[in-house]
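Structure, as structure tokens:
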Amino acid sequence: MKYVRLLLICWAMLLSAVPYVAPYAAPYAAPVDEARLNSLLTALEVQSMAMGGVAVGRGDAPPYVRNIGSARLQAGAEQAARADTRYRIGSISKLLTAIMVLQLVDEGALSLETPLKHWFPELALAERITVADLLAHRSGLGDIKDLPDFDRHWMFEPRREAELIQAISGMPRRFEPGTKAVYNNSGYLLLSFIVEKAGARPYGEALQARLVRPLRLQDTSFDITSGLKPGEAASYRWENQWTLVRATDPSVPQGAGGVVSSPRDLVQIIRALFRNQLLKPATLQRMLAVKDSFGLGIYPLPGVGPQAWGHEGVIDGFSATLAYFPQADIAMAWCGNAHQLPRDVLVAALRSAVFKPDAPLPTYAPKQVRVEFSVDAGRPVPDVVSVRGNATPLSWKQNWPLARDAATGLWQGQVALTVRDGMPFEFKYLKGEDKWETTPNRSLLAVPGQSSRTNDVFNQNAAYVALRQEVLEADDKLFAAYNRRDVTGMAAVFSERLEFFHDNGGLSSYRENLAAFETIFKTNEPVRRDRVAADQEVFPLGEFGAYHGGSHRFCRTARQPESCQTYRYANVWERTADGLRLLRVISFDH
Numbered sequence: 014m015k016y017v018r019l020l021l022i023c024w025a026m027l028l029s030a031v032p033y034v035a036p037y038a039a040p041y042a043a044p045v046d047e048a049r050l051n052s053l054l055t056a057l058e059v060q061s062m063a064m065g066g067v068a069v070g071r072g073d074a075p076p077y078v079r080n081i082g083s084a085r086l087q088a089g090a091e092q093a094a095r096a097d098t099r100y101r102i103g104s105i106s107k108l109l110t111a112i113m114v115l116q117l118v119d120e121g122a123l124s125l126e127t128p129l130k131h132w133f134p135e136l137a138l139a140e141r142i143t144v145a146d147l148l149a150h151r152s153g154l155g156d157i158k159d160l161p162d163f164d165r166h167w168m169f170e171p172r173r174e175a176e177l178i179q180a181i182s183g184m185p186r187r188f189e190p191g192t193k194a195v196y197n198n199s200g201y202l203l204l205s206f207i208v209e210k211a212g213a214r215p216y217g218e219a220l221q222a223r224l225v226r227p228l229r230l231q232d233t234s235f236d237i238t239s240g241l242k243p244g245e246a247a248s249y250r251w252e253n254q255w256t257l258v259r260a261t262d263p264s265v266p267q268g269a270g271g272v273v274s275s276p277r278d279l280v281q282i283i284r285a286l287f288r289n290q291l292l293k294p295a296t297l298q299r300m301l302a303v304k305d306s307f308g309l310g311i312y313p314l315p316g317v318g319p320q321a322w323g324h325e326g327v328i329d330g331f332s333a334t335l336a337y338f339p340q341a342d343i344a345m346a347w348c349g350n351a352h353q354l355p356r357d358v359l360v361a362a363l364r365s366a367v368f369k370p371d372a373p374l375p376t377y378a379p380k381q382v383r384v385e386f387s388v389d390a391g392r393p394v395p396d397v398v399s400v401r402g403n404a405t406p407l408s409w410k411q412n413w414p415l416a417r418d419a420a421t422g423l424w425q426g427q428v429a430l431t432v433r434d435g436m437p438f439e440f441k442y443l444k445g446e447d448k449w450e451t452t453p454n455r456s457l458l459a460v461p462g463q464s465s466r467t468n469d470v471f472n473q474n475a476a477y478v479a480l481r482q483e484v485l486e487a488d489d490k491l492f493a494a495y496n497r498r499d500v501t502g503m504a505a506v507f508s509e510r511l512e513f514f515h516d517n518g519g520l521s522s523y524r525e526n527l528a529a530f531e532t533i534f535k536t537n538e539p540v541r542r543d544r545v546a547a548d549q550e551v552f553p554l555g556e557f558g559a560y561h562g563g564s565h566r567f568c569r570t571a572r573q574p575e576s577c578q579t580y581r582y583a584n585v586w587e588r589t590a591d592g593l594r595l596l597r598v599i600s601f602d603h
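Numbering-wise (this note's numbering), the sequence shown opens with residue 14 and increments by one.
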């Protein structure tokens with residue numbers, strides 16, 4: 014079970030990503046390059062970056078499958094990872110649960126509008142929470158993972174259905190059912206029990222009957238009893254060596270995170286889903302209808318290559334990603350039982366290996382680099398300066414003071430590092446202590462190999478200045494349209510997957526924002542927005558785009574003197590084929 018990154022997708026994108034109805038696009042028609050995948054996985058294994066398995070397949074051809082590292086490391090019982098090694102897949106279990114619920118809908122055993130009170134009348138607002146709300150994380154129920162001591166001991170003990178229901182029932186409600194979406198494990202616990210009640214058989218038997226036997230899967234199951242079963246991997250974390258992680262009892266996550274599977278089985282499942290072999294076409298379309306970031310047990314996944322659909326999962330030391338790329342008709346699965354490399358970076362490297370054949374692949378080997386950087390002009394040297402790249406430092410040379418460049422006015426600096434090629438990092442320079450400290454930032458989706466330069470020099474100056482200028486120009490374009498009250502002009506800068514959070518107004522979508530601005534421009538007096546030039550921060554987010562934060566002033570121009578207020582914002586810009594588009598906004602300090 015995990016907290017998942019939130020993404021929003023518009024209907025136009027949905028219509029372009031419907032299941033397997035057209036040939037894949039020409040840019041993605043090249044065969045899967047198994048040599049590139051082998052090179053990447055060998056590097057991961059040699060440098061002890063991860064243990065696990067991957068499967069990648071196009072069409073109906075047998076997928077490429079490779080496992081690296083060990084399934085178990087206990088002395089005297091070590092087992093190498095193999096194609097049939099079974100991994101806990103965490104929240105990818107939710108996708109399987111959603112498929113089984115929707116199969117019951119197709120069979121008429123239940124409806125998406127069936128209220129929760131039909132099975133669990135003791136839960137608060139059960140008459141207003143529907144099956145669809147549970148599937149789309151719109152129930153408003155408290156998340157069972159927020160229980161006191163959940164991570165310390167609660168999740169390691171066997172739990173019965175009545176105990177789980179009682180725990181959920183005693184948690185405070187997050188919001189009114191159906192009003193918004195917040196990722197929620199409790200809803201999928203309840204859906205696990207609904208699969209059992211509506212289908213009249215235990216969850217594990219339903220999984221066998223509905224997915225395993227029809228698809229002839231080899232490695233997928235759910236067993237409610239504790240302990241490792243034959244063929245299952247244990248999970249580990251890195252503490253200068255791989256250390257065993259205590260396992261969550263499977264009775265706790267149930268169908269929200271307790272399924273075990275393999276990459277080869279997961280690829281087969283998602284292929285079948287998008288070929289309408291598991292659900293009626295109309296039901297699959299309903300599953301893919303995204304609202305407030307989520308479909309029904311599935312969601313869009315960002316990253317290198319074409320649009321992907323799937324799910325991610327984390328439990329104990331396991332992590333997994335399952336993705337299907339309709340434009341390329343490619344399915345990809347990663348199941349890991351140990352990671353030094355953050356999963357998001359590992360999956361980005363896998364996607365790059367498949368969809369960017371000319372991109373260099375990371376070696377993850379230690380290397381010496383020198384990072385040169387620039388920071389904001391127009392103010393004294395900051396107390397803290399963040400420097401970002403794509404390698405986690407093994408060591409670094411401290412006491413590189415900042416100096417101001419007379420020609421550009423930018424603060425310049427550099428730091429010598431021993432790094433691993435292909436891993437993200439963030440550094441902070443602390444003025445008061447005149448030193449650097451490492452602060453790994455796992456949200457940076459770096460392009461594998463980007464740090465490689467002639468003579469191992471990594472120079473961010475020119476790229477940083479160009480990116481900063483590009484972001485500020487995009488911001489100027491957006492607010493030039495705002496200042497002239499031009500909704501169409503603003504829409505041209507927004508991503509259609511925009512999520513906008515206002516500390517007074519809450520969360521809104523692309524369409525909701527356009528409608529709101531239409532109303533504001535028709536009914537409110539003119540307002541001009543001015544950026545506060547001395548308070549702007551721009552940071553690269555790898556190939557994905559850029560972060561932009563700072564302050565801006567809004568002035569009511571019809572009043573004399575003008576009435577102005579200053580507020581703060583934090584934006585994420587996504588790089589697209591048409592330039593930067595505004596994807597996320599946090600507007601605060603109102």
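By construction, the Cβ of each residue, glycine as well, lies at the ideal position given by its N, Cα and C atoms.
If I measure Cβ to Cβ from residue i and keep anything under 7 angstroms in the same chain, skipping five residues before and after, which residues do I get?
{"i": "Trp167", "result": "Leu160"}
{"i": "Glu538", "result": "Arg569, Ala571"}
{"i": "His603", "result": "Asp516, Asn517, Tyr580"}
{"i": "Asp97", "result": "Gln231, Asp232, Gly244, Ser275"}
{"i": "Phe133", "result": "Ala139, Ile178, Leu203"}
{"i": "Gln92", "result": "Ser83, Ala84, Arg85"}
{"i": "Leu241", "result": "Ala247"}
Let me know if residue i comes out buried or exposed under the rule of 16 or more other beta-carbons within 10 Å of its beta-carbon.
{"i": "Pro243", "result": "exposed"}
{"i": "Gly268", "result": "buried"}
{"i": "Val327", "result": "buried"}
{"i": "Arg151", "result": "buried"}
{"i": "Asp591", "result": "exposed"}
{"i": "Ile533", "result": "exposed"}
{"i": "Ser124", "result": "exposed"}
{"i": "Pro379", "result": "exposed"}
{"i": "Ala88", "result": "exposed"}
{"i": "Lys107", "result": "buried"}
{"i": "Arg250", "result": "exposed"}
{"i": "Asp434", "result": "buried"}
{"i": "Arg259", "result": "exposed"}
{"i": "Asn294", "result": "The displayed chain sequence assigns Pro, not Asn, to residue 294. Pro294 comes out exposed."}
{"i": "Glu575", "result": "exposed"}
{"i": "Glu325", "result": "buried"}
{"i": "Gln549", "result": "buried"}
If you measure between the beta carbons of residue i and residue j, is that distance less than 8 angstroms?
{"i": "Leu224", "j": "Ile282", "result": "yes"}
{"i": "Arg173", "j": "Val265", "result": "no"}
{"i": "Gly330", "j": "Ala351", "result": "yes"}
{"i": "Val208", "j": "Val358", "result": "no"}
{"i": "Ala246", "j": "Tyr337", "result": "no"}
{"i": "Arg79", "j": "Leu50", "result": "yes"}
{"i": "Leu204", "j": "Leu148", "result": "yes"}
{"i": "Tyr77", "j": "Glu47", "result": "yes"}
{"i": "Gln353", "j": "Ala63", "result": "yes"}
{"i": "Asp305", "j": "Ala194", "result": "yes"}
{"i": "Asp342", "j": "Gly72", "result": "yes"}
{"i": "Gly308", "j": "Ala302", "result": "yes"}
Note down, in chain order, each residue of its chain lying with its Cβ closer than 6 angstroms to the Cβ of residue i, except the 5 sequence neighbours on either side.
{"i": "Glu587", "result": "Ser508, Gly558, Arg594, Leu596"}
{"i": "Asp278", "result": "Leu230, Asp232, Thr233"}
{"i": "Gly502", "result": "Ala494"}
{"i": "Asn526", "result": "Phe513"}
{"i": "Ala321", "result": "Leu314, Ala336, Phe338"}
{"i": "Ser600", "result": "His515, Tyr582"}
{"i": "Gly349", "result": "Ala63, Gly65, Ser332"}
{"i": "Pro553", "result": "Leu480, Ala559"}
{"i": "Ala372", "result": "Ser365"}
State the CB to CB distance for the pair residue i and residue j, rounded to an integer number of angstroms; the pair is presumed to be in contact (CB under 8 angstroms).
{"i": "Leu314", "j": "Ile112", "result": "That pair is no contact at about 17 angstroms."}
{"i": "Thr579", "j": "Arg566", "result": "5 angstroms"}
{"i": "Val317", "j": "Arg364", "result": "4 angstroms"}
{"i": "Gly66", "j": "Ser248", "result": "At roughly 13 angstroms, the Cβ-Cβ gap does not stay under 8 angstroms, so Gly66 and Ser248 are not in contact."}
{"i": "Val540", "j": "Gly563", "result": "18 angstroms between Cβ atoms; not a contact."}
{"i": "Ala346", "j": "Ala68", "result": "5 angstroms"}
{"i": "Arg356", "j": "Thr334", "result": "7 angstroms"}
{"i": "Asn496", "j": "Arg542", "result": "6 angstroms"}
{"i": "Pro375", "j": "Ala361", "result": "Contact flag wrong, Cβ pair sits at about 10 angstroms."}
Leaving out five residues before and five after residue i in sequence, what residues of the same chain have Cβ atoms less than 8 angstroms from its Cβ?
{"i": "Ile181", "result": "Leu136, Leu154, Gly155, Ile157, Ser199, Leu202, Leu203"}
{"i": "Ala529", "result": "Ser521"}
* Enumerated in chain order, which unbroken segments of the beta strand (DSSP E) with a length of 3 residues or greater are wholly contained in the stretch 51–126? -> 63–71, 77–81, 83–85
* Which ranges would you report for the alpha helix (DSSP H) in the stretch 227–308 if only whole runs of at least 4 residues count? -> 276–287, 294–300
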